[in-house]
Amino acid sequence: MSRCCDLLAFSIAPVSEWHHLPNLTDPSERTMNQSFTIRRATPEDDAGKAALLATTYGTDAATLVREAAEIRARWCDFGDLAPGLIAWVAVDADNRVIAAAEASLRLFANGCESLRVLFLEGIAVDPAYRKAGTGSALMATIEAWATAEGISEIASDALLTDETGQDFHRALGFIETERVIGYRKVIGAETPG
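Each step along the sequence shown adds one to the number in the numbering used here, with nothing skipped, and position 190 is 221.
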């Protein structure tokens with residue numbers, strides 16, 4: 032799975048852009064008079080976001096929080112030239128992160144035809160909020176943002192062994208375009224015979 036831990040939003044959307052949706056804090060009492068909010072992530076969301084995404088990225092939450100701070104420090108002076116890195120969170124009434132998604136703007140993504148693609152790097156939902164529309168609501172917010180930015184395709188990936196992730200993508204309307212094997216080469220290292 033792609034892992035781009037430098038996908039951290041630097042600003043919060045205006046309140047008028049927030050989407051208010053049902054709160055599913057207690058799965059046994061899903062009522063419409065409770066709500067959760069989906070909004071752009073802020074540095075204050077790093078710990079909650081990292082706790083959810085650590086499993087998705089195969090790392091620990093402390094590493095993600097540290098990397099988030101490093102990336103912000105590295106890119107904060109670039110303004111409009113900073114990479115297209117975006118993160119969203121769903122928070123409950125107590126402002127606890129219950130779902131998180133990170134995406135990047137790319138010029139290319141496997142299986143896409145556009146020259147500007149939003150790539151869903153990672154998405155995670157607290158187990159207490161799964162199967163209740165939280166992930167779908169988060170994805171709808173991401174799609175609305177992409178549409179407003181003139182983006183017509185969203186890409187993502189999942190490990191071949193991650194059947195849950197593959198099912199989740201299909202449930203969100205993604206279609207499989209190809210299967211690839213990733214390689215890397217450490218420059219200066221000896222190549223095995």
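Cβ coordinates follow ideal geometry from the N, Cα and C atoms, glycine included. Predicted, not measured: the structure shown is a model, and the values here were computed from it.
Asked: G164 and F199: beta carbons closer than 8 Å?; Found: no
Asked: Helix, strand or coil for A113 per DSSP?; Found: Its pLDDT being 49, under 50, A113 is placed unreliably in this model, and the coordinates cannot settle the point.
Asked: Report the rounded CA-to-CA distance for W176 versus I218, giving the unit in angstroms.; Found: 38 Å
Asked: Thinking just about the alpha-carbon of each residue, which of G89, I173, K80 is nearest to the one in I129?; Found: K80
Asked: My assumption, with CB atoms under 8 Å, is that A118 sits in contact with E133. Please give the rounded CB distance.; Found: 5 Å
Asked: Quick check: what's the CA-CA separation for L169 versus Y160?; Found: 12 Å
Asked: Using CA coordinates, which residue listed in R71, P74, A93, A82 is at the minimum distance from V156?; Found: A82
Asked: For A171, verify whether its CB is less than 7 Å away from any heavy atom of the ligand GTP.; Found: Absent from the structure shown: the ligand GTP. Ligands present: none.
Asked: Here's the rule I'm using: 16 or more other beta-carbon atoms within 10 Å means buried, otherwise exposed. How should Y88 be labelled?; Found: buried
Asked: Check R147 in the structure and name its three-state DSSP category.; Found: coil
Asked: For the candidate residues S187, K162, D125, E98, whose alpha-carbon lies nearest to that of A150?; Found: First, the residue type needs correcting, since residue 150 is Phe and not Ala in the sequence shown. Ranking the options by Cα distance to F150, first place goes to S187.
Asked: When we look at the beta-carbon of S233 and count the other beta-carbons within 10 Å, is it buried (16 or more) or exposed?; Found: Lying outside 32 to 224, the shown extent of the chain, residue 233 is not represented and no answer is given.
Asked: Closest to G204 by CA distance: which of L190, I185, T192 is it?; Found: I185
Asked: For L190 and D76, what's the separation of their Cα atoms in angstroms?; Found: 26 Å
Asked: Let me make sure I understand the geometry here. Which of I173, C143, D125, A140 has the alpha-carbon closest to that of I154?; Found: I173
Asked: Which residue comes first and which comes last in the alpha helix (DSSP H) that contains I185?; Found: Element bounds for I185: not the alpha helix (DSSP H) but the beta strand (DSSP E), 185 to 187.
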